[in-house]
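For reference, the structure discussed in these notes is given below.
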Amino acid sequence: MKITVAGAGYVGLITSIGLAEMGQQVTCIDVQEEKIADLQQGKPSIYEPGLESLLQKNIRNGNLTFTVNPSQAYSGADIIFIAVGTPELPDGSADLKYIFVAAHTIAHHLNQDALICTKSTVPVGTNHLIHDIISGRIPPSIKIDVVSNPEFLREGAGLFDFFHGDRIVLGTDNPEAASIMEQLYLPLKIPIIKTDIKSAELIKYAANAFLAAKISFINEIANICEKVGANVDEVAYAIGQDKRIGSPFLQAGIGYGGSCFPKDTKALVQIAGNLEHPFELLEAVIKVNNRQHHLPVLKAKEIAGPLRGKKTAVLGLAFKPDTDDIREAASLTIIRELQLEGARIIAYDPAGVPNTRKIFGDSIKYTEDLKEALQDADLAIIATEWDQIKHAPLNIFTDYMKQPVIIDGRNCYSLSDIEKHGITYLSVGRPPVFASAAIQKPWKLFG
Ligand code: UGA
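Read in order, the letters of the sequence shown are residues 83 to 529 in the numbering used here.
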């Protein structure tokens, strides 16, 4: 079988490498020539643990090729995955222009029967549109079927999720198409759920919206914990033991970011709104998340007074650990607000510095060395729970900072460890720790 993957972004690349690793012949096509030239050399366009070696291995063994040539990619293809981006339009809805360009290009070059399998996150009805675009432009002798096969890959764990996901969803109106896809995925031994196309399209949005809701829910509980002096870690642990609730995604913090939850929640609000059904619950989830992003600088001002001229280390830039992706990261809001306050900012991240530099240029300092970030700092704000931060010996804060004051947006340390080190520490939904009684006085947020 010849498999073609349209799009060499995060989803397209992981899908291509995963299928090639399963022994399939995969051609991955993208319009970005530079990206494809790098990939042909085995240089990945994204940072993802384990990806580079699997990419190079499958190029070497001939299972995986990259091209910008649509005729080479689509002619003779049996299964074509569409994995192009669906970015956010100003009104929050999904921009489908890349989907439609891909569909037109496929139609132009298709020369045999094929399955068109959509991995991109698309509003309900899009797969039927893709079917109509392609089938309306190919000779009647060529037959296509469309399958909605949403992805549930987490950045930073994408390859693991490809091989060990909880389920594979196949939405199609033709049982034969579902069975071809089922055969393809069978070696992974992941449970397969077959649905109609529209349900599959909605499953993706519903899954991301539910996970986002879980995060905003626990963040609201954290905010209440702060007011009453409770500890959200204990609350989250105890409610998570109820199997109906479950413990994943109950980590309180300064809100979700990334290229998926922010975009997909807004798109689902739009989809519902267009159907004259306001999705009020999801609107509140988004509002709570936006509010969480603002908390660190509010807390910083409460604890440290005016921030003008104060050296502030922002620890962690990526929207979560193990990625260089900073899209919609809480760190960006924090940096912008610190700039407005006139703080002197040094930003630390093991992988996210180059992307952050593209946004803030020389207006802030950057480092990939934690100690350099903390040297003589008045304040440290933790925005991402990288292992390098979580497992750092706590004495680096006391040894290097001018005064050890940490605003921890990801609850990286235990309160008892912090107490032992004489650090002033404000985390999320947990009682504050004060290094000395003097610093306690200006603190207003905690009753
Ligand atoms: C998310 C979903 O988890 C994937 O299943 C889905 O395929 C993907 O979106 C997508 O639509 O493509 P991802 O955005 O890579 O994956 O990252 P997550 O691990 O889900 O984390 C998202 C954000 O939530 C991060 O900013 C993280 O810090 C935050 N988060 C996560 C919390 O604040 N608390 C938690 O308990 C869990």
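We treat Cβ as the ideally placed atom computed from N, Cα and C, and that holds for glycine.
By the CB criterion at 8 Å, T168 and V204 fall inside the cutoff.
Per DSSP, Q333 lies in no beta strand (DSSP E) and is assigned neither H nor E.
For S298, the uninterrupted alpha helix (DSSP H) run begins and ends at 279-310, by DSSP. Between the C-alpha atoms of K502 and N477 there is a straight-line separation of about 10 Å. By the C-beta density criterion, M263 is buried, having at least 16 other C-beta atoms within 10 angstroms. In the structure shown, the three-state DSSP call for V515 is strand. Every beta strand (DSSP E) of 3 residues or more that sits fully in the stretch 349-429 is shown, in chain order, as 393-397.
If you draw a 10 Å sphere on the C-beta of D490, you find 16 or more other C-beta atoms in it, and that means buried. When DSSP states are grouped into helix, strand and coil, T254 belongs to the coil group. The C-beta distance from I85 to D195 rounds to 14 Å, too long to meet the 8 Å contact threshold. Between the stretch 285-292 and the stretch 348-367, the count of C-beta pairs closer than 8 Å reaches three or more; the two stretches touch.
Scanning the stretch 466-504 from its first residue to its last, the whole alpha helix (DSSP H) runs of 4-plus residues come out as 469-472, 477-482, 497-502. Boundaries of the alpha helix (DSSP H) harbouring A184: 179-191, taken from the DSSP string. Look at N290: its beta carbon is less than 7 Å from one of the heavy atoms in ligand 1.
With at least 16 other beta carbons inside 10 angstroms of its own, F244 counts as buried. Taking non-hydrogen atoms of ligand 1 into account, the C-beta of T109 is found less than 7 Å away from none of them. In its chain, beyond the 5 residues on either side, E115, I118 have a beta carbon closer than 6 Å to the beta carbon of V150. Each of A88, V206, L101 was checked against the Cα of Q154, and the nearest Cα belongs to A88. Membership of S230 in the beta strand (DSSP E) is indicated by the continuous run 226-230.
Excluding the 5 residues flanking it on each side, S281 has same chain C-beta neighbours closer than 8 Å at G253, in chain order. Taken atom to atom, the span from the alpha-carbon of I99 to that of A90 is near 10 Å.
Under the Cβ criterion (8 Å, minimum of three pairs), the stretch 303-311 does not count as touching the stretch 427-444.
Within the chosen limit of 7 Å, ligand 1 reaches the beta carbon of E237 through at least one heavy atom. Straight through space, the alpha carbons of T480 and C342 are spaced by roughly 37 Å.
Here the C-alpha atom of N356 lies approximately 12 Å from the C-alpha atom of V206. Here I446 carries a coil assignment [DSSP, helix/strand/coil]. Counting only the Cα atoms, I368 lies some 10 Å from I297.
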